[in-house]
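Count the sequence shown with the numbering used here and you get residues 3 to 108, in order. Don't be surprised by glycine CBs; every beta carbon is placed ideally from N, CA and C. The structure appears below as structure tokens.
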Amino acid sequence: MTQEHFTATTQYNDWKGSVAADDAYEDFTKFLSIAGILKQGDIVKGITFHFAENFFDVHAYITDDTQELRRESVKITLEQFFKTFKRFSIKISRDGDFDAQNIDFM
Numbered sequence: 003m004t005q006e007h008f009t010a011t012t013q014y015n016d017w018k019g020s021v022a023a024d025d026a027y028e029d030f031t032k033f034l035s036i037a038g039i040l041k042q043g044d045i046v047k048g049i050t051f052h053f054a055e056n057f058f059d060v061h062a063y064i065t066d067d068t069q070e071l072r073r074e075s076v077k078i079t080l081e082q083f084f085k086t087f088k089r090f091s092i093k094i095s096r097d098g099d100f101d102a103q104n105i106d107f108m
């Protein structure tokens, strides 16, 4: 069994924040089903997305009726990934200064 802390990190973490997304009609779960990654009764519980200069990596965290969690590598293009969401919002701030804060600006 492998363990990891489910928090976004990069090498230096210059920018930190939060993300939210809404499923598109052809959502990530449907993509995984078509790709043969999801079996009947599987539920996608999490997604990791990592992008670097020449590197793009996506993993899905999936549970089944036994409640065991597994991590699957997902072969998907950047364009396909974002098409599985109707709306995608990223808010990041330098060193996470604004994270979960109400901010005032002019």
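Open item on the list: Going by the DSSP bridge assignment, what does I78 pair with across the sheet?
Closed with: For this step, residue 78 is matched to residue 76 along the sequence shown. Answer is none; I78 lacks a bridge partner.
Open item on the list: Quick check on F100: does DSSP put it in helix, strand or coil?
Closed with: Position 98 of the sequence shown, counted from the start, is the residue given in the question as residue 100. Coil at F100, not helix or strand.
Open item on the list: For Q42 and K18, what's the separation of their Cα atoms in angstroms?
Closed with: Residue mapping note: residue 42 aligns to position 40 of the sequence shown, counting from 1. Residue mapping note: residue 18 aligns to position 16 of the sequence shown, counting from 1. So the alpha carbons of these two residues sit roughly 36 Å apart.
Task: Nearest-angstrom Cβ-Cβ length linking I78 and F33, presumed shorter than 8 Å - done: By 1-based counting over the sequence shown, the position of residue 78 is 76. By 1-based counting over the sequence shown, the position of residue 33 is 31. That pair is a contact at about 7 Å.
Open item on the list: For the beta strand (DSSP E) containing I105, name the first residue and the last one.
Closed with: Within the sequence shown, residue 105 is the residue found at index 103, counting from 1. Segment: none, I105 is in no beta strand (DSSP E) and carries neither H nor E.
- [ ] Could you tell me if L40 is buried or exposed, where buried requires 16 or more neighbouring beta carbons within 10 angstroms of its beta carbon?
- [x] Against the sequence shown, residue 40 aligns to sequence position 38. It is buried - the Cβ of L40 has at least 16 other Cβ atoms within 10 Å.
Open item on the list: Just to confirm, is the Cβ distance from V46 to S91 under 8 Å?
Closed with: What you label residue 46 is simply residue 44 of the sequence shown in a count that begins at 1. What you label residue 91 is simply residue 89 of the sequence shown in a count that begins at 1. Going by beta carbons, V46 and S91 fall outside the 8 Å limit.
Open item on the list: Less than 8 Å between the beta carbons of D24 and T86, yes or no?
Closed with: Here residue 24 refers to the residue found at position 22 of the sequence shown. Here residue 86 refers to the residue found at position 84 of the sequence shown. For D24 and T86, no; Cβs fall outside 8 Å.
Task: Limits of the unbroken beta strand (DSSP E) element including T50 - done: Within the sequence shown, residue 50 is the residue found at index 48, counting from 1. Note, T50: beta strand (DSSP E), I45 to A54.
Open item on the list: If contact is defined by three or more beta carbon pairs under 8 Å, each pair taking one atom from either stretch, is the stretch 61-72 in contact with the stretch 89-103?
Closed with: no
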